[in-house]
Amino acid sequence: MTENAIDKTFDPAAIEAKWYRHWEENGLFRPHRPDAEPFTIMLPPPNVTGSLHIGHALDHTLMDIMTRYERLRGKDALFLPGMDHAGIATQMVVERRLEAAGDKRANYTREQFIDKVWEWKAESGGMILDQMRRLGESVDWSLEAFTMSPEFNRAVLKVFVDLYNERLIYRDKRLVNWDPKLKTAISDLEVETREVQGSFWSFRYPLADGVMLADGRDHIVVSTTRPETMLADMAVAVHPDDERYASVVGKEVILPITGRRIKIVEDEHADPALGTGAVKITPGHDFNDFEVGKRAGIAAGDMLNMLDADANVCQTSDGLIPPAFIGLDRFDARKAVVEALKASGHLVPWTDKDGAEHDAEPRTIQTPYGDRGGVVIEPWLTDQWYVDAETLAQPAIEAVRSGAIEIVPKSWEKTYFNWMENIQPWCVSRQLWWGHRIPAWYGPCVIGDFDFRELLRSKGLPDDQRPIFVAETFNQVLKQLSAFYDLPEEAFYELDDHKEGAYLAIQRDSDVLDTWFSSALWPFGTLGWPQSEPPQHGEVAAGTADGGVDGAPDPSTSFAGPPPRAGEVSLLEKHYPNDLLVSGFDILFFWNARMAMQGIHFMKDVPWRKMYLHGLVRAADGAKMSKSKGNVVDPLGLIDQYGADALRFFMAAMESQGRDIKMDDKRVEGYRNFATNLWNAARFAQSNGIGASTSLSAPEATLAVNRWIIGEVVETVATLDKALADLRFDAAANAIYHFVWDGFCDWYLELIKPVLSQPPQHREVATGTADDGVNGAIDPSTSFAGPPPPSGEDNAADETRAVAGWVLDQILAMLHPFMPFITEELWHALGERQYDLIVAKWPAPKAEVDATAKAEVEWIIEAISAVRSARVELGLAPSKTLEAWFIAENDFGEERMSYAATSLKWRARLDPIWRPMNGKFGRPGHPPVPEGAKISIPLKGGTIIIPLEGVIDIAAEKARLTKALEAVSKEAASLNGRLSNPAFTEKAKPEAVEKARADFADKSAEMERLTAALARLG
RNA sequence: GGGCGUAUAGCUCAGUGGUAGAGCACUAUGUUGACAUCGUAGGGGUCGCAAGUUCAAUCCUUGCUACGCCCACCA
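First residue of the first sequence: 85, per our numbering; consecutive thereafter.
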């Protein structure tokens, strides 16, 4: 045996760091298994700014459980880690650091600032990766990826260029969600709607040219929650069927303040039932109005814009805004406009129900806010890059419909379809510095001594428009330029990088891409794509590229990376598609859906076979955790307190599908206790000569208790396999938990103690000493160990040690995915091993459940429980050993009787069981059950009788039996009722009827036993 | 307005068309051979409400109520 004695107390901190280092240093997170079936999970890249929070602890644990499980099952399991550059979030962090130092971004050039971000990343970024080690995540660190790495950047550029050439990315002028604080466009998904208390104002817009409404009024009343936008109003819309305004359609009103004449147009958008039925239209500052404006024939380029990037009022192109308003903040402008209209008599007051007049009606307004900047979003007219998400979404929808991607839980499918089917163009350009710079260049912008307009005219292009050139590198752009303008490449230079002798400045787009645009490539960008792109692909970009106005793209858009070595399958080929994606549902649209779109488009296959969505981890009171609420639970604190294994087990046990998890420290503590219990069980095993098993398959066993526990292992493995296949982490955790605690610790170890207490080879002596009861001689064959083994040699204890050691090994393996640290520690403590548990083998018992042994042991468990229960209810001292008789109804067999005898003696303090000499199984020399008061404990197949000459309260025993009888009678009556109902016996499934009959027979027998017991009391 | 989810023991949650389960909490009890971070026994639920389907409903259907989330929209 090992000299590595297990410490008396289990201290998680003492073993965790040690084993993590051991695994990592020995490359055990991804052992070389070139021929093994792959299993792949990508870690959703956490923000480089981030630290490990409780939500990470959840989904990282789930992923690591699956990875460790599949590794144990022999697969080439890859769990790939990495980080996301998190454009906006990271830039904000770095800017905040500058500000804290009295500095600001504007003091630096773009390049300098980006260098600062990289510096910051090197210094404090990646903290989360070390925290992941604390949780025990078995990721392949050698493949750690970063969405801003040069390799990843190449993937991003290629995707952009290819999509552009396929016309799936385009530049467009339209309204975007503009964040005036961050001064960048954001996508629809990054806008969150908040309810805000606001006001609803009404204004008179005078009709021009003396036109009147049907009712004789000379003005139209419009209402708005955003009065300031009236400075850029371009129309008033009324419903085509609205007769109130039919006479003025096509006429004009004169806007107060600016005096702009604007048209009254017909549009379905105007709802006659709302307000006055007339709507002011500001196409440059409202999404609905934009559409109305376009329908009214106003081109995007002609729409008036009255706000600058900071959302301060600026002059419109027609110059009609009075100087007093220019430069006002949008909210100040709102007040100023209301004041001005009120002063000029154009404000229509609102009358409340008490008849009092107010400037405006108070209203709750759904207001869009930027999820990062936290300020009100401004719809703003700009040029941005858009992805044709609708086209990309179609195959991604189909993939889920066809089952190529399975969404778990299934209930999320509808949400996925609903979003995908209504998907809008995705704005991917961001006016930031930190991110993947868009690989687009605009035609010559500096004339110098050369009139580039001549060139444009010669190409038949409008000379006020700069053509766009898109390619992965500037060198490729140079080729495009040269061909397009029919000039040597030397004629051009990039604006930021003046070149001697060149005279045409080409400017690169200054925007970067949405972070999610790059993280959408995670399932393949991390595996070496595009360098190791599968050969059948790569034709698409060049094949469909047709240049157009933007110039011919370079056909060789893919980089020539090193091909995989001969005979070796590339990482990409082996690990794409990934097997499983695990993420919170909160990023289903942001990330998962876009991975599906990009993965299918570029790899011609789904990014993963299964998408598992889990819920949120909430605070104990059910509230969402947030820094502002101060109710954030730090997973590292929980690890410090209870150990990583306990936290992991908690996460698994709480993860049932489709529900959020509420934090519960007591439960984490409970799993720490569970680990302690296992620790102590192993310690017990060790001190009893139980150690490492030598075989993967179950040892040969003859004793019922051993055959039973082997069967329990078989069942537990099956339950675990099923649960993990279904991604039911709670079911898996509960199965192993109950097997270890109830099955193994509470029953098996207790039941084998009598066997282990007998020194091997000295059975006769042992039997003699065990027989210390008042009754003297006990038949040797009644000992627990059962019949003599075939060889006649006593090996009951040896067999039991072998089985116990084997079961313990199976437990360690089954529990390892959930509790990697303690299991690895015990694995080594229990014996010399050829390999570490992390790369050991998942249980393969090669055994079956022995129904006979199972029934036997379960009967004993039931008997022990019944005796204990009776003893407690009757207030008998637990330590007092009682003598008892067992009246059997059937032939139990010698073996089984002796089995039960020892077990009851050890576990229920019942010593020993005598059988009545008048019964079928009686034996000469055994005295009859004494007269007088007795406790009767009915069991299936017989009754245990404990004589207690005046020791117990007969009334109490009577009450106990009566209560039991009542309970059984009730059940029997219910069964009988069902059985006597012809409808049941005729229509119910035969199995159900069969079972009801059997149950009824059981209950009836039990009733008889109880009745007899009561009679015995007199 | 559309969609989704949840309602089961004091708490947090599993679960099944055929007599309702776990963990914690609670009560009683125990220093016996790994473990008091433990053992043993126990109390506690008309499974949100109503109707329907069925021989049988906590489970299936419909409606209702309450709570939560997502999407869209409210000039």
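The C-beta atom is built at its ideal place from N, Cα and C for all residues, glycine as well.
Predicted model, so just to flag it, every value in this text is computed and none were measured.
Give me the residue from the options with the minimum Cα distance to residue i.
| i | options | result |
| --- | --- | --- |
| Ala937 | Ala736, Tyr832 and Ala924 | Tyr832 |
| Gly773 | Ile836, Ala488 and Gly385 | Ile836 |
| Arg521 | Gly487, Asp595, Asp467 and Glu474 | Asp595 |
| Ala97 | Asp724, Ser401 and Glu179 | Asp724 |
| Leu315 | Ala785, Gly668, Pro407 and Arg514 | Pro407 |
| Lys688 | Asp826, Gly706, Ala483 and Pro523 | Ala483 |
| His137 | Glu834, Gln682 and Ile212 | Ile212 |
| Phe601 | Ile253, Ala985 and Gly334 | Ile253 |
Compute the Euclidean distance between the alpha carbons of residue i and residue j, then round it to the nearest angstrom.
| i | j | result |
| --- | --- | --- |
| Gln620 | Glu657 | With a pLDDT of only 46 at Gln620, under 50, the local geometry of the prediction cannot be trusted, and the value read off the model is given with reservation. Going from the Cα of Gln620 to the Cα of Glu657 covers about 12 Å. |
| Ala850 | Leu892 | Bear in mind that a pLDDT of 29 at Ala850, under 50, signals an unreliable position, so the model cannot answer this. |
| Thr366 | Ile346 | 11 Å |
| Pro1066 | Leu1049 | 27 Å |
| Gln196 | Ala229 | 24 Å |
| Pro356 | Val363 | 10 Å |
| Val624 | Lys265 | Low confidence applies to Val624: its pLDDT is 34, below 50, so where it sits in the model is not reliable enough to give any reading. |
| Lys1042 | Thr1069 | 37 Å |
| Thr231 | Thr133 | 13 Å |
| Arg1094 | Glu1075 | Note that residue 1094 is Leu in the sequence shown, not Arg. Each residue's Cα considered, the two are about 28 Å apart. |
| Asp718 | Arg732 | 14 Å |
| Arg917 | Gly519 | 49 Å |
| Glu100 | Gly742 | 32 Å |
| His116 | Leu162 | 11 Å |
| Ala1097 | Asp729 | 50 Å |
| Trp204 | Ala380 | 51 Å |
| Ala881 | Val839 | 6 Å |
| Val752 | Gly166 | 28 Å |
| Ser513 | Asp256 | 11 Å |
| Glu179 | Asp199 | 13 Å |
| Lys1071 | Glu1078 | 13 Å |
| Phe768 | His900 | 20 Å |
Going along the chain, which residues of its own chain have a beta-carbon closer than 6 Å to the beta-carbon of residue i, five neighbours each way excluded?
| i | result |
| --- | --- |
| Pro904 | Gly220 |
| Gly609 | Phe236 and Ala239 |
| Ala56 | Absent from the model: residue 56. The displayed extent of the chain is 85 to 1102, so no value can be given. |
| Arg955 | none |
| Phe553 | Trp525, Val561, Gln564 and Gly635 |
Leaving aside the five residues before and after residue i along the sequence, list all residues of the same chain whose C-beta is less than 7 Å from its C-beta, in chain order.
| i | result |
| --- | --- |
| Leu412 | Asn396, Val397 and Ala420 |
| Met898 | Thr800, Val801, Leu804, Ile820 and Pro927 |
| Ala1089 | none |
| Met147 | Ile125, Leu127, Phe163 and Val666 |
| Ala170 | Asn131, Val132, Thr133 and Thr599 |
| Phe260 | The residue asked about is misnamed: residue 260 is Val in this sequence, not Phe. Counting only Cβ-Cβ distances below 7 Å, and skipping sequence neighbours, we find Ala269, Trp464, Thr466, Gln468 and Cys511. |
| Ser949 | none |
Within its chain, find whatever has a CB closer than 8 Å to the CB of residue i; leave out the 5 residues flanking it on each side and keep chain order.
| i | result |
| --- | --- |
| Arg541 | Asp547 |
| Phe94 | Ala759, Thr760, Trp763, Asn764 and Ile906 |
| Gly361 | Val322, His323, Asp326, Arg328, Tyr329, Ala354 and Asp355 |
For my contact list, residue i and residue j are in at a C-beta cut-off of 8 Å; report their separation, rounded to the angstrom.
| i | j | result |
| --- | --- | --- |
| Asp143 | Val666 | 5 Å |
| Glu312 | Gln450 | Wrong, their Cβ atoms sit about 18 Å apart, outside the cutoff. |
| Gln215 | Leu720 | 6 Å |
| Pro340 | Leu425 | 6 Å |
| Ile489 | Met695 | 6 Å |
| Val422 | Asp443 | 7 Å |
| Gly385 | Glu274 | Between Glu274 and Gly385 the Cβ distance is about 26 Å, and since that is not below 8 Å, they are no contact. |
| Lys925 | Ala782 | Not really, about 14 Å apart at Cβ, beyond 8 Å. |
| Val332 | Val295 | 6 Å |
- Query: Taking one C-beta from the segment 172 to 179 and one from the segment 233 to 247 each time, how about it: are there three or more such pairs within less than 8 Å?
  - Reply: no
- Message: Using a Cβ distance threshold of 8 Å, determine whether the segment 740 to 755 contacts the segment 692 to 701, with at least three qualifying pairs required.
- Response: yes
- Are there three or more Cβ pairs, one per stretch, closer than 8 Å when the segment 282 to 295 is compared with the segment 430 to 442? yes
- Should the segment 786 to 793 be regarded as contacting the segment 931 to 951, the criterion being three or more beta carbon pairs within less than 8 Å? yes
- Do the segment 956 to 968 and the segment 981 to 998 make contact, defined as three or more Cβ pairs closer than 8 Å? yes
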